[in-house]
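Student:
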Amino acid sequence: MTFLETIASAFKGRGARVPLAQSYVSPWVFGDSHNGRQPFDYHQAVRRAYLENPVAHRAVRLVADGIAGAPLAPTDPSLAMLVLETSAGQSLLETLASQLLLHGNAYVQILKDGLGYPVELFALRPERVTLVFGNDGWPTGITYRVGDRSMTIPMCDADASPNIIHIKGYHPGDDHYGAGCLGAADQAVATHNAAAGWNRSLLENAARPSGALVYDAGNGAGLSGEQFDRLREELNRVFSGSPNAGRPMLLEGGLKWQSMSMSPADMDFAALKSAAARDIALAFGVPPMLLGLPGDSTYNNYKEANKALWRLTLLPLADKLLSAIAEGLETWFPDARLAIDLDRIPALAEDRQALWSQINAANFLTDAEKREMLGLPALGLGPQTAQVQP
Numbered sequence: 010m011t012f013l014e015t016i017a018s019a020f021k022g023r024g025a026r027v028p029l030a031q032s033y034v035s036p037w038v039f040g041d042s043h044n045g046r047q048p049f050d051y052h053q054a055v056r057r058a059y060l061e062n063p064v065a066h067r068a069v070r071l072v073a074d075g076i077a078g079a080p081l082a083p084t085d086p087s088l089a090m091l092v093l094e095t096s097a098g099q100s101l102l103e104t105l106a107s108q109l110l111l112h113g114n115a116y117v118q119i120l121k122d123g124l125g126y127p128v129e130l131f132a133l134r135p136e137r138v139t140l141v142f143g144n145d146g147w148p149t150g151i152t153y154r155v156g157d158r159s160m161t162i163p164m165c166d167a168d169a170s171p172n173i174i175h176i177k178g179y180h181p182g183d184d185h186y187g188a189g190c191l192g193a194a195d196q197a198v199a200t201h202n203a204a205a206g207w208n209r210s211l212l213e214n215a216a217r218p219s220g221a222l223v224y225d226a227g228n229g230a231g232l233s234g235e236q237f238d239r240l241r242e243e244l245n246r247v248f249s250g251s252p253n254a255g256r257p258m259l260l261e262g263g264l265k266w267q268s269m270s271m272s273p274a275d276m277d278f279a280a281l282k283s284a285a286a287r288d289i290a291l292a293f294g295v296p297p298m299l300l301g302l303p304g305d306s307t308y309n310n311y312k313e314a315n316k317a318l319w320r321l322t323l324l325p326l327a328d329k330l331l332s333a334i335a336e337g338l339e340t341w342f343p344d345a346r347l348a349i350d351l352d353r354i355p356a357l358a359e360d361r362q363a364l365w366s367q368i369n370a371a372n373f374l375t376d377a378e379k380r381e382m383l384g385l386p387a388l389g390l391g392p393q394t395a396q397v398q399p
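Numbers given in the numbering used here equal positions in the sequence shown, counted from 1, plus 9.
1. Could you check where the alpha helix (DSSP H) with I334 kicks off and where it finishes?
2. How should E103 be labelled, buried or exposed, when 16 other C-beta atoms within 10 angstroms of its C-beta is the threshold for buried?
3. Comparing C-alpha positions only, which one of K312, D50, D184, T322 sits nearest to V69?
4. Can you tell which of P296, G75, E94, S87 has its C-alpha closest to the C-alpha of Y311?
5. What residue range does the alpha helix (DSSP H) around H66 cover?
6. Can you find a CB in chain B that lies within less than 9 Å of the CB of R134?
7. Counting only the same chain and skipping the five closest in sequence on each side, list residues whose C-beta sits under 8 Å from that of N114.
8. Applying the criterion that 16 or more other CB atoms from any shown protein chain within 10 Å of the CB defines a buried residue, is N315 buried or exposed?
9. State the Cα-Cα distance for the pair A197 and A203, rounded to the nearest angstrom.
10. Just reading off the beta strand (DSSP E) that M160 is part of, what are its end residues?
11. Can the beta-carbon of F342 be found less than 9 Å from the beta-carbon of D85?
12. Whole angstroms is fine: what's the gap from A200's alpha carbon to A285's?
13. According to DSSP, which residues form a beta bridge with P127?
14. Relative to the C-alpha of I354, which candidate in Y126, R67, A77 has its C-alpha closest?
15. In whole angstroms, give me the CA-to-CA distance for V128 and E94.
16. Report the rounded CA-to-CA distance for R56 versus A193, giving the unit in angstroms.
17. Quick check on the burial criterion: 16 or more other C-beta atoms within 10 angstroms. Buried or exposed for L120?
18. Just how far apart, CA to CA, sit S332 and R361?
19. If you reduce the DSSP assignment to three classes, tell me which class G178 lands in.
20. Does the beta-carbon of L105 have 16 or more other beta-carbons within 10 angstroms, so that it is buried, or is it exposed?
21. What are the uninterrupted segments assigned as alpha helix (DSSP H) that are 4 or more residues long and contained completely in the stretch 346-386, given in chain order?
22. Look up L388 in the DSSP assignment and say whether it is helix, strand or coil.
23. Please classify Y311: does DSSP put it in a helix, a strand, or coil?
24. Measuring CA to CA, which of A345, M382, Q53, D145 is closest to M90?
25. In or out: V64 buried (at least 16 other Cβ within 10 Å) or exposed?
26. Pop quiz: P299 and L318 are said to be a contact at Cβ under 8 Å. What is the actual Cβ separation, rounded to whole angstroms?
27. Measuring straight from C-alpha to C-alpha, what distance separates S159 and A335?
28. On a Cα-Cα basis, can you pick out the residue from P163, Y51, L324, G143 that is closest to V117?
29. Taking the beta carbon of V405 as the centre, do at least 16 other beta carbons fall within 10 Å, making it buried, or is it exposed?
30. Alpha carbon to alpha carbon, how far is L383 from A279?
31. Look up V141 in the DSSP assignment and give the residues it is bridged to.
32. With a 10 Å radius around its C-beta and 16 neighbouring C-beta atoms as the bar for buried, classify H112 as buried or exposed.
33. With T104 as the anchor, note down where its alpha helix (DSSP H) starts and where it stops.
34. Helix, strand or coil: how does DSSP classify S87 here?
35. Count the other CB atoms, across all protein chains shown, that sit within 10 Å of the CB of N62; report buried if there are 16 or more and exposed otherwise.
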């Protein structure tokens, strides 16, 4: 073991880690040959969902904007500045939350000054990142590709200070890459887009179903090939499309137009589209009521749905992001803590008020214990001081 490896081991505080099996399959491009589904491609899935589907776009924006706008609890000012600093108006937490939802992986590069102190946290595009593994299967660095150019960044510098913070969602079949919500919502997004496309095609024909042009000459004779091609070309040119809707049709002898109506089963596309939209909201952890989807009786009102969004989605995801960043910056901020200030979130004001009242009414607790239960820092006062006021 070299001198630098000895120092790195001392910083890490543990011995050699158990080797892991290396994964050679890209987590965002995979095929399923059993049910005929098309291989999942991250770029196409993002285009279909985030750029073309209003439900998925709004769900991701709702979660990412909520986390980016959540107030941080008091912490080291230098650490808070690193986390809250924006790049061209883009928030770091907003970017990381979106990447974790869509891709399942988020990579933060720690940019340092000449003295090795972090000066900026930059979110890398996860689809451009490939992990580099050591002989034991643990990641030793990343390869970042942009076009035909690539660069390799080690996970840690020679002094064992980290360069990359990798945040990932749980993936039961991969040791190194995480799974995002988009993979689970991809089929629902495709269904919703297909229903919207079908609806648009119907509207382009003035919301009228197709019909059949029937030829009945009376003697059993049919149209010649030339007559059939000419009639089809004329119908497509003169009578098809929304600009020609309602135009009267002049038919020659033996031709008659027979309209076709849609059955109740054909009209179920609206219910199918609504069900797909609810599946998209479910995959991203957003109550359907907040996305304007009708027919949701799970929550009594909008306020309860907003509270559920914070409790079930925003706070767990924010805690995951902030904990990973604090752990990655522990070398420079060993005692700092990153967390959301629950007392400053309007959606949780009633819950926090009830908690304050319950703890304040517990006369068997000291003030120091009450402050600890509320997540407040100690004041350094004696145990018998005035009660904590809500």
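Where is the CB? At the ideal position from N, CA and C, for every residue including glycine.
Tutor: Taking the geometry as given:
1. For the purposes of this step, residue 334 is identified with residue 325 of the sequence shown, where counting begins at 1. Its alpha helix (DSSP H) spans residues 324-337.
2. Taking the sequence shown and counting its residues from 1, the one referred to as residue 103 is at position 94. Looking at its Cβ environment, which holds 16 or more other Cβ atoms inside 10 Å, E103 is buried.
3. By 1-based counting over the sequence shown, the position of residue 69 is 60. V69 has its Cα closest to that of T322, out of K312, D50, D184, T322.
4. As a position in the sequence shown, residue 311 is number 302, starting the count at 1. Among P296, G75, E94, S87, the Cα nearest to that of Y311 is on P296.
5. The residue given as residue 66 occupies position 57 in the sequence shown. 63-78 is the span of the alpha helix (DSSP H), which, as asked, contains H66.
6. Here chain B cannot be found, since the structure has a single protein chain.
7. Walking along the sequence shown from the start, residue 114 turns up at place 105. For N114, where only same-chain residues beyond five positions count, the Cβ hits under 8 Å are P36, Q108, P135, V138, H175, I176, K177, G178, Y186, G187, G189.
8. Counting from one through the sequence shown, the residue named residue 315 turns up at place 306. When all chains shown are included, N315 counts as buried.
9. In the sequence shown, counting from the first residue as 1, residue 197 sits at position 188. In the sequence shown, counting from the first residue as 1, residue 203 sits at position 194. Looking at the two C-alpha atoms, the distance is approximately 10 Å.
10. Taking the first residue of the sequence shown as position 1, residue 160 is located at position 151. It spans 158-163 - the beta strand (DSSP E) in which M160 sits, taken as one unbroken run.
11. Within the sequence shown, the letter at position 333 stands for residue 342. Within the sequence shown, the letter at position 76 stands for residue 85. Going by C-beta atoms, F342 is nearer than 9 Å to D85.
12. The residue given as residue 200 occupies position 191 in the sequence shown. The residue given as residue 285 occupies position 276 in the sequence shown. It should be pointed out that residue 200 corresponds to Thr in this sequence rather than to Ala. In a straight line, the C-alpha of T200 is about 6 Å away from that of A285.
13. Position 118 of the sequence shown, counting from 1, holds the residue named residue 127. According to DSSP, P127 bridges with K121.
14. In the sequence shown, the residue the question calls residue 354 occupies position 345. With distances taken between Cα atoms, I354 lies closest to A77.
15. What you label residue 128 is simply residue 119 of the sequence shown in a count that begins at 1. What you label residue 94 is simply residue 85 of the sequence shown in a count that begins at 1. Going by the C-alpha atoms only, they are around 10 Å apart.
16. For this step, residue 56 is matched to residue 47 along the sequence shown. For this step, residue 193 is matched to residue 184 along the sequence shown. Answer to the nearest angstrom: the Cα atoms are 15 Å apart.
17. Walking along the sequence shown from the start, residue 120 turns up at place 111. That one is exposed.
18. Indexing the sequence shown from 1 puts residue 332 at position 323. Indexing the sequence shown from 1 puts residue 361 at position 352. Between S332 and R361, the C-alpha separation is close to 22 Å.
19. For the purposes of this step, residue 178 is identified with residue 169 of the sequence shown, where counting begins at 1. Coil.
20. For this step, residue 105 is matched to residue 96 along the sequence shown. L105 is buried by the Cβ-count criterion.
21. 358-369, 376-382
22. The residue given as residue 388 occupies position 379 in the sequence shown. L388 falls in the coil class under three-state DSSP.
23. As a first step, residue 311 must be located in the sequence shown, where it is residue number 302. Looking at Y311 - three-state DSSP - the assignment turns out to be helix.
24. Along the sequence shown, one-based indexing puts residue 90 at 81. The shortest Cα separation from M90 among A345, M382, Q53, D145 belongs to A345.
25. Within the sequence shown, numbered from 1, the residue matching residue 64 stands at position 55. Answer is buried; the Cβ neighbour count reaches 16.
26. Residue mapping note: residue 299 aligns to position 290 of the sequence shown, counting from 1. Residue mapping note: residue 318 aligns to position 309 of the sequence shown, counting from 1. Before going on, a small fix: residue 299 reads as Leu here, not Pro. About 6 Å; that satisfies the 8 Å criterion.
27. Translated into the one-based positions of the sequence shown, residue 159 becomes position 150. Translated into the one-based positions of the sequence shown, residue 335 becomes position 326. Roughly 28 Å separates the two Cα atoms.
28. Within the sequence shown, the letter at position 108 stands for residue 117. The option with the nearest alpha carbon to V117 is P163.
29. The shown model of the chain, from 10 to 399, leaves out residue 405, and the question about it has no answer.
30. The sequence position of residue 383 within the sequence shown is 374, counting from 1. The sequence position of residue 279 within the sequence shown is 270, counting from 1. If you take the alpha carbons of L383 and A279, they lie about 48 Å apart.
31. Stepping through the sequence shown from its first residue, residue 141 is reached at position 132. BP columns for V141 point to G150.
32. In the sequence shown, counting from the first residue as 1, residue 112 sits at position 103. Buried, by the Cβ-count rule.
33. By one-based count along the sequence shown, residue 104 stands at place 95. Counting along the chain, the alpha helix (DSSP H) containing T104 begins and ends at 101-111.
34. Translated into positions along the sequence shown, residue 87 becomes position 78. Three-state result, S87: helix.
35. Along the sequence shown, read from residue 1 onward, the residue named residue 62 stands at position 53. Under this definition N62 is a buried residue.
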